[in-house]
Amino acid sequence: VAGLLSSRDFLNGLAFRVFFSTQYIRHSSRPLYTPEPDICHELLGHAPMLADRSFADFSQEIGLASLGASDDDIDRLAHCYWHSVEFGLCKEYDSNGMSKHKAYGAGLLSSFGELEHACGDHSKSSTQEEGAEELKQDPPEIKPWDPNVASRQAFPITTYQPV
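Below is the structure:
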């Protein structure tokens, strides 16, 4: 599709195992971050997850929940989708019981800048692409997954995720 769909249209498509994809690629001057999904985001972020039957079934369940849903319910589903499928993190523990965050969200997996922002070592100074000064910000606040909280947590689309 060209442009962005409404949350209702996008989520309704998932009910029928239809995943709408964008048709353009991010500009070469901004390889680390793009505020809109592009083909890199779709292929590197979503395609591997949708190839997994369990995840595809999960996506369809979200879509089925959206059918006939109120506008408020659509907003809550879209927020949960954003904070999990697009920008989800999980904890991985090593043999010493030490944990680190790992990305599984498509928005993280398809953006070097967003991935470094969410999972990088923030004690070191990081390099960002030229022109991305406005994206520099504190590390994100990482919260335990709670769909009731996530469904109401606002999210920006023009900067790295703060939560």
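Counting in the working numbering, the sequence shown runs from 1 upward without gaps. Glycine residues also receive a C-beta, built at the ideal position from the N, C-alpha and C atoms. Note that this is a predicted model, so its numbers are computed, not measured.
Check whether the segment 71 to 85 touches the segment 18 to 38, taking contact to mean three or more Cβ pairs, one atom from each stretch, closer than 8 angstroms. no
Would Gln137 be called buried (16 or more neighbouring beta carbons within 10 Å of its own) or exposed? exposed
Do you know offhand how far Thr159's Cα is from Gly63's? 27 angstroms
Cβ-Cβ distance between Leu109 and Leu44 below 8 angstroms: yes
Residues bridged to Ala69 (per DSSP): Ala69 pairs with nothing; no bridge assigned.
Can you find the residues in the same chain that come closer than 7 angstroms, C-beta to C-beta, to Leu14, ignoring five residues on each side of it along the sequence? Ser59, Gln60, Ile62 and Gly63
Considering only residues of the segment 23 to 97, which uninterrupted alpha helix (DSSP H) runs meet the minimum length of 4 residues and lie entirely inside it, listed in chain order? 47 to 50, 53 to 66 and 71 to 81
Beta-carbon proximity of Phe87 to Gln161, cut-off 8 angstroms: yes
Can you say whether Glu92 is buried or exposed, counting buried as having 16 or more other CB atoms within 10 angstroms of its CB? exposed
What does Gln143 pair with, by DSSP beta-bridge criteria? The sequence shown places Lys at residue 143, rather than the Gln named in the question. None; Lys143 has no bridge partner.
Roughly how far, in whole angstroms, is the beta-carbon of Ile142 from the beta-carbon of His101, given that I think they are within contact range, below 8 angstroms? 6 angstroms
Tell me whether Pro156 is buried or exposed, calling it buried when 16 or more other Cβ atoms sit within 10 Å of its Cβ. exposed
Kindly indicate which three-state DSSP category Ser151 falls into: helix, strand or coil? coil
Secondary structure at Ser99, three-state DSSP: helix, strand or coil? strand
DSSP three-state label for Glu129, please. Residue placement at Glu129 cannot be trusted, given a pLDDT of 49 that sits under 50; the coordinates are not used to answer.
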